[in-house]
Structures are given as structure tokens and as C-alpha cells.
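Per full-length UniProt numbering: the sequence shown = residues 1 to 79. Yeah, the Cβ is synthetic: ideal placement off N, Cα and C, and Gly gets one too. Inspection log for the structure reproduced underneath, given as C-alpha cells.
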Amino acid sequence: MSSIQDRITRTLVEEFRIPPGAITQETSFTDLGFDSLVIVELALVLDQRFGVALKDGELAETMTLAAAADLLAAKGAVP
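Here it is, written out as C-alpha cells:
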């Protein structure tokens, strides 16, 4: 798991109270029970934590934690 994935995992655990054992790099946000509003909230938190700007709906288009980490890396997020 990349350090960006680790930081996303910590965010999910700390901010959204997801049990760490429920999160793998192939976990999707829908697997975690997130609806579109929670994904928007997560995008805002990730914007702040990583210092990147995600466009509306961009995070929702990622299917897994690994894909979300790849998106953040492509936007210049620092691990």
C-alpha cells in the first residue's frame, strides 16, 4: 500500500470511523456504505489533507482506494 493510500486509510478511520480491518486497497467507497454526499465530504477532507483540488464528482469516479490514491498522486499530492 502506498503512503498516499495509508493517509487515505487514516482519514477514513479518523474522520469517518471506518474500522481499519474493513479497508484494503481494493475497497470501494460504496463497499464502505458511502453515498454521494459522504463522498463529497471525503473529497473536501482529502483536499485539505493533501493540498490538492479535486473537481466535483472526480473522487466519486474512482472505484477503489488504490484508484483514489492514483488520482491524488496525479494531482500532485505529497505522500
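Closest by C-alpha distance to residue i, when choosing among the options
i	options	result
Gln25	Leu54, Ile4, Gln48	Ile4
Ser28	Lys55, Thr62, Glu15, Gly21	Thr62
Phe57	Glu41, Phe50, Ala77	With the sequence shown as reference, residue 57 is identified as Gly, and Phe is not the correct amino acid for it. That would be Glu41, whose Cα lies nearest to the Cα of Gly57.
Phe50	Arg17, Gly76, Ile18, Ser2	Gly76
Limits of the alpha helix (DSSP H) - the one that residue i falls within
i	result
Arg10	3–16
Ser36	36–50
Ala68	65–74
Residue i burial status per 10 Å Cβ neighbour count (16 or more: buried)
i	result
Thr9	buried
Leu37	exposed
Leu44	exposed
Ala22	exposed
Ala53	exposed
Anticipated Cβ contact below 8 Å, residue i with residue j, distance rounded
i	j	result
Ala60	Ile39	5 Å
Thr11	Leu46	7 Å
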